[in-house]
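Undergrad:
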Amino acid sequence: MKLHSLVLKACLFTLCACLAPPAPADSQESIKLFISVDLEGIGGVGSPLMTSSGGKDYGTSRQYMTQEVNAVVAAIFERIPSADILVNDSHGDHQNVLHGELDPRISYIQGSIKPLGMVQGLDSSFDGAIFIGYHAKAGDPDGFLAHTGSGSVKGLWLNDVEVGEGGMNAAFAGSLGVPVILVSGDSAAAAELGQLLGSETVTTKTAETPSSARLRHPDVVRTMLREMTGVALDRLSSNGFSPLELGSPVEIKMRFTSTTHVDVLQSIPGMSKVDGYTVRYMARSMDEAYRLIRLMYRFVSA
13 MKLHSLVLKA CLFTLCACLA PPAPADSQES IKLFISVDLE GIGGVGSPLM
63 TSSGGKDYGT SRQYMTQEVN AVVAAIFERI PSADILVNDS HGDHQNVLHG
113 ELDPRISYIQ GSIKPLGMVQ GLDSSFDGAI FIGYHAKAGD PDGFLAHTGS
163 GSVKGLWLND VEVGEGGMNA AFAGSLGVPV ILVSGDSAAA AELGQLLGSE
213 TVTTKTAETP SSARLRHPDV VRTMLREMTG VALDRLSSNG FSPLELGSPV
263 EIKMRFTSTT HVDVLQSIPG MSKVDGYTVR YMARSMDEAY RLIRLMYRFV
313 SA
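According to my numbering, the sequence shown holds residues 13 to 314 in order.
If you want it as structure tokens, here you go:
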């Protein structure tokens with residue numbers, strides 16, 4: 013009788029286990045994600061005046077920027093409630109996102125005096141990076157407000173790979189073993205970074221001219237961001253991304269609009285002149301390269 017009872021209990025336990033709905037895999041996992049958010053590629057931003065403090069409709073741009081971050085964050089937390097998310101404000105003075113309107117579960121870095129700029133806070137403990145609101149590299153004829161760090165920069169190459177801000181940031185992340193899983197921005201930025209990184213992309217607008225754009229509605233953009241965040245997380249969970257690894261040492265070549273910049277930058281030990289508009293420097297690591305490039309940006313923007 014006891015044996016019969018034990019067998020019956022075992023059968024019932026097995027049946028209940030089979031009928032119980034499986035817990036979503038993502039809900040059992042934790043993840044650490046880094047989000048860098050720029051402004052030129054945000055949905056609804058179609059004029060240079062919308063990208064600078066004091067410009068017409070800049071306040072509206074800040075709202076759109078904040079809402080896009082929240083759309084991505086909401087999609088992450090919906091999948092992975094225990095996610096650890098760090099958001100780094102990465103435009104201009106780095107004081108654009110409306111902190112009080114962000115999801116309170118995330119951490120947020122604000123302020124421009126930071127040695128790693130757009131990737132401040134990123135280290136090898138992160139599982140992936142997301143770039144929101146990015147623009148194309150300097151000289152891209154199809155880009156909206158395309159530039160690389162400064163209007164005085166005509167081109168930037170790392171180990172002979174031409175990169176803009178997005179590529180440079182991805183190379184820094186890649187040196188830490190961190191892949192970029194999602195990029196949003198204008199069509200030129202999405203094409204540039206999608207091809208370079210193999211990341212998922214969201215196109216927020218298409219340039220009509222270098223300073224005007226055909227826009228998608230912000231609501232449409234946010235819906236796309238939520239959907240593609242889910243797609244990116246699925247790929248990440250199956251190791252579907254590879255970090256951008258350019259190796260070390262890192263040869264920096266930067267081309268400027270003025271010969272004066274080249275003449276002065278030669279004062280930096282190890283910096284050499286390639287031609288009237290281009291300098292070259294061999295950095296020992298991507299970290300060194302990134303920090304030096306930021307200093308060069310600062311100089312030519314002064």
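Backbone N, C-alpha and C define an ideal beta-carbon position, used for all residues, glycine too.
Computed from a prediction, not measured in an experiment: that's the story for all the values here.
Check whether the Cβ atoms of V99 and I47 sit closer than 7 Å, and answer yes or no.
TA: Within the sequence shown, numbered from 1, the residue matching residue 99 stands at position 87. Within the sequence shown, numbered from 1, the residue matching residue 47 stands at position 35. A contact, by the Cβ cut-off of 7 Å.
Undergrad: Express the C-alpha separation of L227 and I43 in angstroms, rounding to a whole number.
TA: Within the sequence shown, numbered from 1, the residue matching residue 43 stands at position 31. Within the sequence shown, numbered from 1, the residue matching residue 227 stands at position 215. The straight-line gap from Cα to Cα measures roughly 33 Å.
Undergrad: To the nearest angstrom, report how far apart T269 and S313 are at their CA atoms.
TA: The residue you call residue 269 lines up with position 257 of the sequence shown. The residue you call residue 313 lines up with position 301 of the sequence shown. Their backbone Cα atoms lie some 12 Å apart in a straight line.
Undergrad: Which of helix, strand or coil does DSSP assign to N251?
TA: For the purposes of this step, residue 251 is identified with residue 239 of the sequence shown, where counting begins at 1. Note: N251 maps to coil in three-state DSSP.
Undergrad: Could you give the residue range of the beta strand (DSSP E) that holds L45?
TA: For this step, residue 45 is matched to residue 33 along the sequence shown. It spans K44 to V49 - the beta strand (DSSP E) in which L45 sits, taken as one unbroken run.
Undergrad: Here's the rule I'm using: 16 or more other beta-carbon atoms within 10 Å means buried, otherwise exposed. How should T215 be labelled?
TA: Within the sequence shown, the letter at position 203 stands for residue 215. Its Cβ being crowded by 16 or more others within 10 Å, T215 is buried.
Undergrad: Going by CA-CA distance only, name the one from E41, L45, Y309 and Y302 that's closest to N181.
TA: In the sequence shown, residue 181 corresponds to position 169, counting from 1. Nearest of E41, L45, Y309 and Y302 to N181, Cα basis: Y302.
Undergrad: R296 and S284: beta carbons closer than 7 Å?
TA: The residue given as residue 296 occupies position 284 in the sequence shown. The residue given as residue 284 occupies position 272 in the sequence shown. No, the pair does not count as a contact, with Cβ atoms beyond the cut-off.
Undergrad: Straight-line CA distance for R247 to V57?
TA: Locating residue 247 in the sequence shown gives position 235, where the first residue counts as 1. Locating residue 57 in the sequence shown gives position 45, where the first residue counts as 1. Between R247 and V57, the C-alpha separation is close to 29 Å.
Undergrad: Please state whether the Cβ-Cβ distance between G129 and R306 is less than 7 Å.
TA: Numbered from its first residue, the sequence shown carries residue 129 at position 117. Numbered from its first residue, the sequence shown carries residue 306 at position 294. In this structure, R306 lies closer than 7 Å to G129 by Cβ.
Undergrad: Considering G145, what are the terminal residues of the beta strand (DSSP E) in which it resides?
TA: Position 133 of the sequence shown, counting from 1, holds the residue named residue 145. It spans G140 to Y146 - the beta strand (DSSP E) in which G145 sits, taken as one unbroken run.
Undergrad: Apply the 10 Å Cβ neighbour rule to S164 and answer buried if 16 or more other Cβ atoms are within range, or exposed otherwise.
TA: Taking the sequence shown and counting its residues from 1, one reaches residue 164 at position 152. By the neighbour-count rule (16 or more Cβ atoms within 10 Å), S164 is buried.
Undergrad: Is it true that the CB of L277 sits closer than 7 Å to the CB of G186?
TA: Stepping through the sequence shown from its first residue, residue 186 is reached at position 174. Stepping through the sequence shown from its first residue, residue 277 is reached at position 265. Result no, Cβ atoms of G186 and L277 do not sit closer than 7 Å.
Undergrad: Name the DSSP bridge partner or partners of A295?
TA: For the purposes of this step, residue 295 is taken as the residue at position 283 of the sequence shown. A295 is bridged to V262.
Undergrad: Can you find the residues in the same chain that come closer than 6 Å, C-beta to C-beta, to M294, ignoring five residues on each side of it along the sequence?
TA: Translated into positions along the sequence shown, residue 294 becomes position 282. Excluding positions up to five away in sequence, the list reads P261 and E263.
Undergrad: Over what stretch of residues does the alpha helix (DSSP H) that includes R74 continue unbroken?
TA: Here residue 74 corresponds to residue number 62 of the sequence shown, with the count starting at 1. It spans Y70 to R91 - the alpha helix (DSSP H) in which R74 sits, taken as one unbroken run.
Undergrad: Please list, in chain order, all residues of the same chain as Y76 whose beta carbon is under 7 Å from its beta carbon, the five residues on each side excluded.
TA: Counted from its first residue, the sequence shown places residue 76 at position 64. The residues are I54, G55, G56, V57 and P230.
Undergrad: Using CA atoms only, rank isn't needed, just tell me which of D299, M308, M298 and E300 is closest to S279.
TA: Here residue 279 is taken as the residue at index 267 of the sequence shown, counted from 1. Of the listed residues, the one whose Cα sits closest to S279 is M308.
Undergrad: With distances taken from CA atoms, which of N171, F253, S254 and P191 is nearest M298?
TA: Residue numbering aside, residue 298 sits at position 286 when the sequence shown is read from its first letter. For M298, the nearest C-alpha among the options comes from N171.
Undergrad: Just to confirm the assignment, what range does the beta strand (DSSP E) spanning S196 have?
TA: Within the sequence shown, numbered from 1, the residue matching residue 196 stands at position 184. S196 -> beta strand (DSSP E) spans V192 to D198.
Undergrad: Indicate whether A201 and A148 have their beta-carbon atoms separated by less than 7 Å.
TA: What you label residue 201 is simply residue 189 of the sequence shown in a count that begins at 1. What you label residue 148 is simply residue 136 of the sequence shown in a count that begins at 1. It is a contact, given that the beta carbons lie within the stated cut-off.
Undergrad: Would you mind listing the beta strand (DSSP E) stretches within the stretch 87-137 that are 3+ residues and don't spill past its ends, in chain order?
TA: Complete beta strand (DSSP E) runs here, min 3: 96-101 and 119-121.
Undergrad: Just to confirm the assignment, what range does the alpha helix (DSSP H) spanning V276 have?
TA: Against the sequence shown, residue 276 aligns to sequence position 264. First-last of the alpha helix (DSSP H) with V276: T271 to L277.
Undergrad: May I ask you to report which of helix, strand or coil DSSP gives E204?
TA: Residue numbering aside, residue 204 sits at position 192 when the sequence shown is read from its first letter. In the structure shown, E204 sits in a helix (DSSP, three-state: H, G or I).
Undergrad: If you reduce the DSSP assignment to three classes, tell me which class P34 lands in.
TA: Start at 1 with the first residue of the sequence shown, and residue 34 comes out as number 22. Model confidence at P34 stands at a pLDDT of 43, short of 50, so the residue's coordinates are unreliable and nothing is read from them.
Undergrad: Can you tell me the Cα-Cα spacing of G78 and G282, whole angstroms?
TA: Here residue 78 refers to the residue found at position 66 of the sequence shown. Here residue 282 refers to the residue found at position 270 of the sequence shown. One detail in the question is off: residue 78 reads as Thr in this sequence, not Gly. Cα to Cα, T78 sits roughly 41 Å from G282.
Undergrad: Taking the straight line between their C-alpha atoms, what separation do you get for S224 and I125?
TA: Here the question's residue 224 lines up with position 212 in the sequence shown. Here the question's residue 125 lines up with position 113 in the sequence shown. Cα to Cα, S224 sits roughly 30 Å from I125.
Undergrad: If I'm right that S136 touches L188 with Cβ under 8 Å, what's the distance once you round it to whole angstroms?
TA: Locating residue 136 in the sequence shown gives position 124, counting from the first residue. Locating residue 188 in the sequence shown gives position 176, counting from the first residue. Their Cβ separation, rounded to whole angstroms, is 4 Å, which keeps S136 and L188 in contact under 8 Å.
Undergrad: Quick one: measure Cβ to Cβ for T213 and S196, integer angstroms, because I've assumed they're closer than 8 Å.
TA: Counting from one through the sequence shown, the residue named residue 213 turns up at place 201. Counting from one through the sequence shown, the residue named residue 196 turns up at place 184. About 7 Å separates the two Cβ atoms, so the contact holds.
Undergrad: Starting from S187, trace the alpha helix (DSSP H) both ways and give me its first and last residue.
TA: Counting from 1 along the sequence shown, the entry for residue 187 is found at position 175. Looking at the DSSP string, the run of the alpha helix (DSSP H) that includes S187 is E177 to S187.
Undergrad: Pull the bridge partners of E212 from the DSSP assignment, please.
TA: The residue you call residue 212 lines up with position 200 of the sequence shown. L194.
Undergrad: So, helix, strand or coil for V232, using DSSP?
TA: The residue given as residue 232 occupies position 220 in the sequence shown. Residue state, collapsed to three classes: helix.
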